[in-house]
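Which chain is which? The protein sequence lines are A and B, in order.
Residue numbers for the first sequence follow numbering that gives the first Met the number 0, beginning at 0 and rising by one.
Residue numbers for the second sequence follow numbering that gives the first Met the number 0, beginning at 0 and rising by one.
Glycine residues also receive a C-beta, built at the ideal position from the N, C-alpha and C atoms.
Since the structure comes first, as C-alpha cells, the remarks are kept for the end.
Protein chains: 2
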Amino acid sequence: MALRHAVLAALLDNEYSGYQLAKAFDIGVANFWHALPQQLYAELSKLEKDGLVTGREVVQTGRPNKRVFTVTAPGLAELERFVAAEPRPTFIRDDLLVKVQAADRVGTAEVLRQLDARAASAAEKMAAYEDLLLTLRGEATEEDFLRDGAPVGPYLTCRRGLALERETRDWCVHTAAVLRARRPGGEVPRG
Amino acid sequence: MALRHAVLAALLDNEYSGYQLAKAFDIGVANFWHALPQQLYAELSKLEKDGLVTGREVVQTGRPNKRVFTVTAPGLAELERFVAAEPRPTFIRDDLLVKVQAADRVGTAEVLRQLDARAASAAEKMAAYEDLLLTLRGEATEEDFLRDGAPVGPYLTCRRGLALERETRDWCVHTAAVLRARRPGGEVPRG
DNA sequence: CATCCCATGTAACCTGTTACATGATTAC
DNA sequence: GTAATCATGTAACAGGTTACATGGGATG
Numbered sequence: 000m001a002l003r004h005a006v007l008a009a010l011l012d013n014e015y016s017g018y019q020l021a022k023a024f025d026i027g028v029a030n031f032w033h034a035l036p037q038q039l040y041a042e043l044s045k046l047e048k049d050g051l052v053t054g055r056e057v058v059q060t061g062r063p064n065k066r067v068f069t070v071t072a073p074g075l076a077e078l079e080r081f082v083a084a085e086p087r088p089t090f091i092r093d094d095l096l097v098k099v100q101a102a103d104r105v106g107t108a109e110v111l112r113q114l115d116a117r118a119a120s121a122a123e124k125m126a127a128y129e130d131l132l133l134t135l136r137g138e139a140t141e142e143d144f145l146r147d148g149a150p151v152g153p154y155l156t157c158r159r160g161l162a163l164e165r166e167t168r169d170w171c172v173h174t175a176a177v178l179r180a181r182r183p184g185g186e187v188p189r190g
Numbered sequence: 000m001a002l003r004h005a006v007l008a009a010l011l012d013n014e015y016s017g018y019q020l021a022k023a024f025d026i027g028v029a030n031f032w033h034a035l036p037q038q039l040y041a042e043l044s045k046l047e048k049d050g051l052v053t054g055r056e057v058v059q060t061g062r063p064n065k066r067v068f069t070v071t072a073p074g075l076a077e078l079e080r081f082v083a084a085e086p087r088p089t090f091i092r093d094d095l096l097v098k099v100q101a102a103d104r105v106g107t108a109e110v111l112r113q114l115d116a117r118a119a120s121a122a123e124k125m126a127a128y129e130d131l132l133l134t135l136r137g138e139a140t141e142e143d144f145l146r147d148g149a150p151v152g153p154y155l156t157c158r159r160g161l162a163l164e165r166e167t168r169d170w171c172v173h174t175a176a177v178l179r180a181r182r183p184g185g186e187v188p189r190g
C-alpha cells in the first residue's frame, strides 16, 4: 500500500487516464516515485474498486477513448491518514553508483561512458523541470507563486527534482573527471 | 539479480559478516542501495552457493562468532559483466515527497513536522559522511586522494551521499519555510 | 533487571518486473 | 509502409517486506 498514495497525490491536481498518469510518472512524479505503466493500470483499478477514485469515460475522435480518474472524498481521507503516518525510509537504488563503488577493481571505460550519458540525461531532465516550473507558475514570479500560487505541492516537488538532477549532473561530471585523471585514456588494465 | 551486485561491490574493499554488511547498508551503501538485513543474509547465502563469495568463520570472545565474506574471482567477473551492462533507471521512492505533492489538499502540520525531522536527520547523515570521508582518505588531502588514493570508489559514492543529504536538508528547510509562510502557524483548515 | 548490541536466519505474504497481447491513428 | 503515439491490460515470475524466532554478552 505505497504506490497507492503516490497515485492519489498525483491525481489531486488533475484528472488523468492510466496512460497520462504513466507519462506523469515518467517526468514530474519520477522525482519521488518510480512505477511502471502496468502497475498504474492495476493500481487505478484497485483504487476504483475501493472507492478512492472514480473513473469517467472520455469519448475522443481520431484516437481511442479513455477513462480519466478523480480522487473521491474517501480517497482524500486515505491520503490524510497517510500524511499523518510516519514516513518510511527513503528508498534509493542506482546501478551507476554501484559501478562507481567498484571502480577500483573493474574496468572503468564503461563506467565513464555511463557517467557521461547520465550527466547528459540529467541536463535534459533539468531543462524539462525548468519548463514544468514555468508552466506551473504561469505569469507569476517564483517568489509570488510560492507565497500565494496554487497548486504549490507539485511546484515544490518539481523544484526538488530539479535540484536532484543538478546534483546528479555535477557529481557525474566531477566523478568522470576524477576517474579519467587517475587512469589516463580510461583504459582497463589486464593481467 | 540486482541486490547481488550491490553486495559484491560493498564486499570489494572489506570482508564483512551479514551483520556488518547490514550496518554498511545503513550508512554508506545507503546512498545508492537500500536493503534489509534479511535480504543480505539471504543474498550472501546465494552468493556463496554460486561461488561468487567465500565465507570464513571468525571466532570471537565475548560475543558470538561470525562468518565474514570475500569476493572470489568469479564474483569479480560477475561484477565486470554487470558494469558493462546498461544501467537500469534510477529508482527513488520517498513518502515525504508524496506528502508535499499533496500539500494543497491535506493538513500540513504533520508534513511540516516531518520536513523538520528529515532536515535534522539529513544534517546528521552529512556529519557521518564527512567523518567517513576523513577516515577513507586518512592523512591525504582530498585532492591528493582523488588523484592517487585507494579505494577511490567508496570515496566517490560517499561524496555523492554527502551532496544528496545536503540537497535534502536544504530542500526540506526551504519547503517548510514556504509552507509556513503560506499558512501561518501551520494550522489545518477544517470544514 | 532491563535494554541494547551482536549475530543469524525462516516463513508467509505482498509488491514489482518482464514478457506478452491488442488495435486504431498520426507523422515521416 | 514504418514507426511512433494513444490506450489498456494479463500472466508468470522475481524480488522485497513483515512478522517471527533464538540466544549470549555488554551497558546502565
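Strictly below 9 Å CB to CB, what residues from chain B border residue i?
i                : result
Glu77 (chain A)  : Those do not exist, as Glu77 (chain A) stays about 10 Å from chain B at its closest Cβ, beyond 9 Å.
Arg182 (chain A) : Within chain B, no residue comes near Arg182 (chain A); the closest Cβ sits about 10 Å away, beyond 9 Å.
On the premise that residue j lies in contact with residue i, defined as a C-beta separation below 8 Å, what is that separation, rounded to the nearest angstrom?
i               : j                : result
Phe90 (chain B) : His33 (chain A)  : 5 Å
Arg3 (chain A)  : Glu42 (chain A)  : 6 Å
Thr71 (chain A) : Val52 (chain A)  : 6 Å
Pro86 (chain A) : Leu95 (chain B)  : 5 Å
Phe31 (chain B) : Thr134 (chain B) : Rounded, the Cβ-Cβ distance is 19 Å, inconsistent with contact.
Name the chain A residues whose beta carbon is nearer than 8 Å to that of residue i?
i                : result
Asn30 (chain B)  : Ile91 and Leu96
Val209 (chain B) : A query on residue 209 (chain B) cannot be resolved here, the shown segment of chain B reaching from 0 to 190 and no further.
Glu14 (chain B)  : By Cβ distance, chain A contributes nothing, its closest Cβ being about 14 Å from Glu14 (chain B), past 8 Å.
Ala149 (chain B) : Asp103
Tell me where the beta strand (DSSP E) around residue i begins and ends.
i                : result
Thr107 (chain B) : No beta strand (DSSP E) holds Thr107 (chain B); DSSP gives it neither H nor E.
Starting from residue i and walking both ways along the alpha helix (DSSP H), at which residues does that stretch end?
i                : result
Arg179 (chain A) : Val151 to Arg181
Phe144 (chain B) : Glu141 to Asp147
Gly27 (chain B)  : Neither: Gly27 (chain B) is in no alpha helix (DSSP H) and is coded neither H nor E.
Arg3 (chain A)   : Leu2 to Leu10
Leu95 (chain B)  : Asp94 to Gln100
What residues of chain B sit near residue i, judged by a beta carbon separation below 7 Å?
i                : result
Ala101 (chain A) : Ala8, Leu11, Leu78, Val82 and Gly152
Val105 (chain A) : Leu78, Glu79 and Val82
Ala5 (chain A)   : Val97
Thr156 (chain A) : Leu96, Val99 and Gln100
Thr174 (chain A) : Leu155
In the DSSP assignment, what are the bridge partners of residue i?
i               : result
Lys65 (chain B) : B:Val57
Val70 (chain B) : B:Val52
Tyr15 (chain B) : B:Phe68
Phe90 (chain B) : A:Arg92
Along chain A, in chain order, which residues have C-beta atoms closer than 7 Å to that of residue i?
i                : result
Val57 (chain B)  : Here the premise fails: no neighbours, minimum Cβ distance about 23 Å.
Leu145 (chain B) : Val177
Run down chain B in chain order and give the residues with a C-beta less than 8 Å from the C-beta of residue i.
i                : result
Glu141 (chain A) : Those do not exist, as Glu141 (chain A) stays about 10 Å from chain B at its closest Cβ, beyond 8 Å.
Arg179 (chain A) : Chain B residues near Arg179 (chain A): none, gap ~11 Å exceeds 8 Å.
Glu166 (chain A) : Ala162, Leu163 and Glu166
Val110 (chain A) : Val82
Just the chain A side, please: which residues come within less than 9 Å of residue i by C-beta, in chain order?
i                : result
Pro86 (chain B)  : Asp93, Asp94, Leu95, Val97, Lys98, Gln113, Ala116 and Arg117
Leu136 (chain B) : Sequence check: residue 136 (chain B) is Arg here, not Leu. None at all; the shortest Cβ gap to chain A is about 13 Å.
### Query
Would you call the segment 163-177 of chain A and the segment 118-132 of chain A in contact, with 3 or more CB pairs under 8 Å?
As far as the Cβ criterion goes, the segment 163-177 of chain A touches the segment 118-132 of chain A, which means the pair count is three or higher.
### Query
Per the contact definition of three or more C-beta pairs closer than 8 Å, is the segment 100-112 of chain B in contact with the segment 1-21 of chain A?
By the Cβ test, the segment 1-21 of chain A is in contact with the segment 100-112 of chain B, since at least three Cβ pairs between them sit closer than 8 Å.
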